[in-house]
Amino acid sequence: MELSVCTTDEDYEQWRAVRIAVLPYERCGSVAEMRAQDSPTRLLLLARRDGAVVGSGLADRSETADAGSLAPRVLPEHRRAGTGTALLRRLAEHLSDLGLPEVRATVDDDGSLAFARRFGFTDVDHEVEQTRPVVDLPPLPDLPPGVSVVLAGERPGLWPDCYERFGREAVSDFAVDTPLEVTPERWATTWLGDPMFLAVHDGDVVACAGLHQDTDEPRRAEHGLTAVRRDWRGRGLARHLKLRTLRWAAQHGIDEVYTWTQDGNAAMRALNEQLGYATSRTSTKVARALPLG
Ligand SMILES: CC(C)(COP(=O)(O)OP(=O)(O)OC[C@H]1O[C@@H](n2cnc3c(N)ncnc32)[C@H](O)[C@@H]1OP(=O)(O)O)[C@@H](O)C(=O)NCCC(=O)NCCS
């Protein structure tokens with residue numbers, strides 16, 4: 005078995021093929037999106053056996069403070085042959101070399117959780133996936149006086165510029181076990197949905213909700229960040245914006261939307277349930293200290 009670093013577009017496509025085979029229910033960024041995330045801290049690997057790709061790996065500095073994240077993935081028909089172990093070791097070594105004291109990973113199934121525990125990872129958090137077919141949409145509630153809704157794409161600059169007065173607070177309110185550290189640059193790029201609906205009051209963004217479209221599965225889309233500034237909560241803005249994204253989905257041939265929410269985010273989960281989303285999957289966030297040893 006050999007490991008190699010992804011460099012060419014063909015490598016990236018092969019990496020995507022493993023990702024899609026292992027997690028068929030989650031959108032995978034296009035090669036262009038992946039290229040846009042390339043950085044000196046990010047490592048993408050392919051694992052081959054007898055020349056054929058059997059697995060892939062990802063490691064990078066994470067948005068969780070002082071931690072790296074990694075994801076070894078092995079095609080189901082090639083598991084239990086040591087590939088996951090080889091990927092994990094190389095990915096963890098990369099993160100140790102970056103000087104990171106902790107590593108995190110997400111697992112969706114019992115077998116992968118057993119693998120993670122076998123290597124000393126422990127559970128630190130849980131996330132819930134909620135899914136809704138794009139049918140029977142409830143009516144749009146009225147907006148509070150003085151609030152208008154715009155698409156981020158129609159107002160260039162509004163999204164990157166709202167990081168200080170809106171984004172920083174939204175990210176710090178995440179119900180995570182360890183605070184997130186999101187750079188303004190990542191806020192401006194990976195956190196921006198397409199479409200991204202923004203509620204604006206007096207020129208300030210006070211709420212957002214968006215979608216990430218899936219080029220491989222155009223009939224499904226994942227919700228991006230839904231957030232309301234603290235002083236605007238409890239006035240129906242999240243409900244309004246989320247319903248705007250559902251309407252947009254219906255108009256663009258999307259049949260189903262899904263969203264991942266921290267287990268501890270009772271408010272978001274309750275709103276999703278009210279809006280007709282049903283729990284479809286849970287995942288476990290696991291962590292351990294580096295080096296792997
Ligand atoms: C987790 C994953 C990468 C393991 O890949 P793999 O190539 O099968 O792993 P290995 O063969 O190196 O397994 C090493 C050891 O982990 C444990 N393990 C792996 N899979 C297991 C399973 N399904 N049930 C119980 N233990 C398991 C065993 O102790 C195994 O040793 P053994 O086969 O000698 O008993 C693979 O199942 C996968 O791609 N899962 C989905 C992606 C994912 O969740 N990745 C994150 C993991 S942190």
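Just so we're aligned: 86 in our numbering is position 82 of the sequence shown, and the numbers increase by one with no gaps anywhere.
From the three backbone atoms N, C-alpha and C, an ideal C-beta is built for every residue, glycine too.
Collapsed DSSP secondary structure at residue i in the structure displayed
{"i": "Y29", "result": "coil"}
{"i": "D177", "result": "coil"}
{"i": "F1", "result": "In the structure as shown, the chain begins at 5 and stops at 297. Residue 1 is therefore absent and cannot be evaluated."}
{"i": "G80", "result": "The sequence shown places Pro at residue 80, rather than the Gly named in the question. If DSSP states are grouped into helix, strand and coil, P80 belongs with the helices."}
{"i": "A231", "result": "strand"}
{"i": "T89", "result": "helix"}
{"i": "L74", "result": "strand"}
{"i": "E226", "result": "strand"}
{"i": "L102", "result": "coil"}
{"i": "P164", "result": "helix"}
{"i": "L144", "result": "coil"}
Span of the beta strand (DSSP E) around residue i
{"i": "T283", "result": "282–293"}
{"i": "E221", "result": "Where E221 is concerned, there is no enclosing beta strand (DSSP E), given that its DSSP letter is neither H nor E."}
{"i": "R108", "result": "106–111"}
{"i": "L202", "result": "200–205"}
{"i": "E189", "result": "No beta strand (DSSP E) holds E189; the alpha helix (DSSP H) holding it covers 188–192."}
{"i": "D129", "result": "126–137"}
Residue interval of the alpha helix (DSSP H) (run including residue i)
{"i": "D114", "result": "114–122"}
{"i": "V273", "result": "First, the amino acid is wrong: residue 273 is Arg here, not Val. Counting along the chain, the alpha helix (DSSP H) containing R273 begins and ends at 270–278."}
{"i": "E242", "result": "Before going on, a small fix: residue 242 reads as Ala here, not Glu. From DSSP, the alpha helix (DSSP H) with A242 extends over 241–255."}
{"i": "A156", "result": "Segment: none, A156 is in no alpha helix (DSSP H) and carries neither H nor E."}
Contacting residues, own chain, Cβ-Cβ under 6 Å from residue i (five flanking each side not counted)
{"i": "R52", "result": "E6"}
{"i": "Q134", "result": "T263, N276, Y281, T283"}
Contacting residues, own chain, Cβ-Cβ under 7 Å from residue i (five flanking each side not counted)
{"i": "G268", "result": "A179"}
{"i": "R233", "result": "F170, E173, V210, A211"}
{"i": "V22", "result": "V57, G59, S60, R77, L79"}
Cβ-Cβ separation, residue j to residue i (assumed contact under 8 Å), whole Å
{"i": "A203", "j": "V153", "result": "6 Å"}
{"i": "P137", "j": "D259", "result": "6 Å"}
{"i": "G197", "j": "G228", "result": "3 Å"}
{"i": "S287", "j": "Y262", "result": "The Cβ separation is near 12 Å, so there is no contact."}
{"i": "L294", "j": "S116", "result": "So it is not a contact: roughly 20 Å between Cβ atoms."}
{"i": "P105", "j": "D70", "result": "6 Å"}
{"i": "V26", "j": "V290", "result": "In fact, because the Cβ distance is near 17 Å, the residues do not count as touching under 8 Å."}
{"i": "D129", "j": "D181", "result": "5 Å"}
Same chain only: Cβ atoms within 8 Å of residue i, ignoring 5 sequence neighbours per side
{"i": "L144", "result": "H244, L247, R248, R251"}
{"i": "H216", "result": "R31, G197, D198, A225, E226, H227, G228"}
Problem - Unbroken stretches of the alpha helix (DSSP H), 4 residues or longer, contained in the stretch 10–65 - result: 13–26, 35–40
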